[in-house]
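Student:
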Amino acid sequence: MDNKNTRKTERQKQLLDIALELFATHGYDQTKISDIVNKANVSQGTFYWYFKSKEMIATEMFTQGRVAILETISTGYRIEKGSISESFDSSKQLFYKLFQFAKKNHFLMKILLKGIHSQPVLQVQVDTIKNDMKKAFAKNIRRASEFEMIPRSVDPELQAVFVMALIEGTLSSWLFQSEDEDWQQIEIEELVEKTVQFEFFGLFGV
Numbered sequence: 001m002d003n004k005n006t007r008k009t010e011r012q013k014q015l016l017d018i019a020l021e022l023f024a025t026h027g028y029d030q031t032k033i034s035d036i037v038n039k040a041n042v043s044q045g046t047f048y049w050y051f052k053s054k055e056m057i058a059t060e061m062f063t064q065g066r067v068a069i070l071e072t073i074s075t076g077y078r079i080e081k082g083s084i085s086e087s088f089d090s091s092k093q094l095f096y097k098l099f100q101f102a103k104k105n106h107f108l109m110k111i112l113l114k115g116i117h118s119q120p121v122l123q124v125q126v127d128t129i130k131n132d133m134k135k136a137f138a139k140n141i142r143r144a145s146e147f148e149m150i151p152r153s154v155d156p157e158l159q160a161v162f163v164m165a166l167i168e169g170t171l172s173s174w175l176f177q178s179e180d181e182d183w184q185q186i187e188i189e190e191l192v193e194k195t196v197q198f199e200f201f202g203l204f205g206v
């Protein structure tokens, strides 16, 4: 990639990152294109060189975010049979990657978790990402069931709904609520361990 294309890529990423932060912290409706370009220290003409509208830049961030999230979930797809213990460890690795992704991309996660309900077109994109995440989890669960690593009677789609609810609830509390509670101070490794224990063994740990 030559220097000109490198600069264009870097500028586009800068605008995306700034827009994402402003959408997450101030709200999509409250953020103007002028806010984005002022923080980026560029002209509005520069913005329109890369994006035709505010909706277009939001769509691009969702497109990139969707790819990254689904790539992360796909690492949990089994290619060979393993024991229950190995399945537990694999889930820990997957959840760790997801939680690390969420922490690193907390502005994106805040928007995905809260939604943009005032903008139907964008909310459809948010809902699509969540639905695709459920499908990816269901694919992982179905594969584990085929390897008899979980009971064959399990409903992968329903289990994926439970997994999504667990992840959304945990991440929402961990990343965006008050830090007054002791559990929000624990290290990510311990949070992952406890989350996966609940996923596997439930409230009673059996």
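Those letters in the sequence shown? Residues 1 to 206, per UniProt numbering, in order. Every residue gets a Cβ at the ideal spot worked out from N, C-alpha and C, and that includes glycine.
Measuring CB atoms only, is the segment 180-193 touching the segment 65-83, in the sense that at least three cross pairs come out at less than 8 Å?
Tutor: Output reads no: the segment 65-83 does not touch the segment 180-193.
Student: Name the two residues that bound the continuous alpha helix (DSSP H) containing Phe201.
Tutor: That run of the alpha helix (DSSP H) goes 188-201.
Student: In terms of residues, what are the limits of the alpha helix (DSSP H) holding His26?
Tutor: Where His26 is concerned, the enclosing alpha helix (DSSP H) stretches over 3-26.
Student: Tell me whether the beta-carbon of Ala24 lies closer than 7 Å to the beta-carbon of Ile111.
Tutor: The answer is yes: Cβ separation under 7 Å.
Student: So, for Glu190: in the same chain, excluding its five sequence neighbours on each side, which residues have a beta-carbon less than 8 Å away from its beta-carbon?
Tutor: No residues qualify anywhere along the chain.
Student: Rounded to whole angstroms, what is the Cα-Cα separation between Leu15 and Val154?
Tutor: Answer to the nearest angstrom: the Cα atoms are 44 Å apart.
Student: Between residue 261 and Met56, what straight-line distance do the alpha-carbon atoms span, to the nearest angstrom?
Tutor: The chain is shown from 1 up to 206; residue 261 falls before or after that span and cannot be answered.
Student: Between the C-alpha atoms of Glu60 and Val121, what's the straight-line distance to the nearest angstrom?
Tutor: Rounded to the nearest angstrom, the two C-alpha atoms are 13 Å apart.
Student: Can you give the beta carbon distance from Leu22 to Ile33, rounded, assuming they're within the 8 Å contact cut?
Tutor: Not quite, the Cβ-Cβ distance comes to about 10 Å (not below 8 Å), so this is no contact.
Student: Checking 7 Å against the spacing of the C-beta atoms, do His117 and Gln125 come in under that value?
Tutor: It is not a contact, given that the beta carbons lie outside the stated cut-off.
Student: On the three-pair Cβ rule with 8 Å, is the segment 133-148 touching the segment 158-172?
Tutor: As far as the Cβ criterion goes, the segment 133-148 touches the segment 158-172, which means the pair count is three or higher.
Student: From Arg7 to Ala68, what does the alpha carbon distance come to, in whole angstroms?
Tutor: In a straight line, the C-alpha of Arg7 is about 23 Å away from that of Ala68.
Student: Please classify Gly65 as buried or exposed, where buried requires at least 16 other C-beta atoms within 10 Å of its C-beta.
Tutor: With 16 or more other Cβ atoms within 10 Å, it is buried.
Student: Checking 7 Å against the spacing of the C-beta atoms, do Leu113 and Ser172 come in under that value?
Tutor: Yes. Within cutoff.
Student: What is the DSSP secondary structure of Ser123, counted as helix, strand or coil?
Tutor: Residue identity check: residue 123 is Gln in the sequence provided, not Ser. Helix at Gln123.
Student: Below 6 Å CB to CB, which residues in the same chain sit around Ser91 once its five sequence neighbours on both sides are set aside?
Tutor: Same-chain partners within the cutoff: Val196.
Student: Considering only residues of the same chain and omitting the five flanking positions on each side of Asp132, which have a CB-CB separation below 7 Å?
Tutor: The answer, listed in chain order, is Arg66, Leu70.
Student: Rounded C-beta distance between Met109 and Leu175? I'm assuming under 8 Å.
Tutor: Indeed they touch by this definition, with Cβ atoms about 6 Å apart.
Student: Distance, Cα to Cα, Tyr48 vs Ala144?
Tutor: Near 47 Å, if we compare the C-alpha coordinates of Ala144 and Tyr48.
Student: How far does the alpha helix (DSSP H) with Glu181 in it extend, from its first residue to its last?
Tutor: It is not in any alpha helix (DSSP H) - Glu181 carries neither H nor E in the DSSP assignment.
Student: Does Arg143 come out as helix, strand or coil in the three-state DSSP assignment?
Tutor: It is helical.
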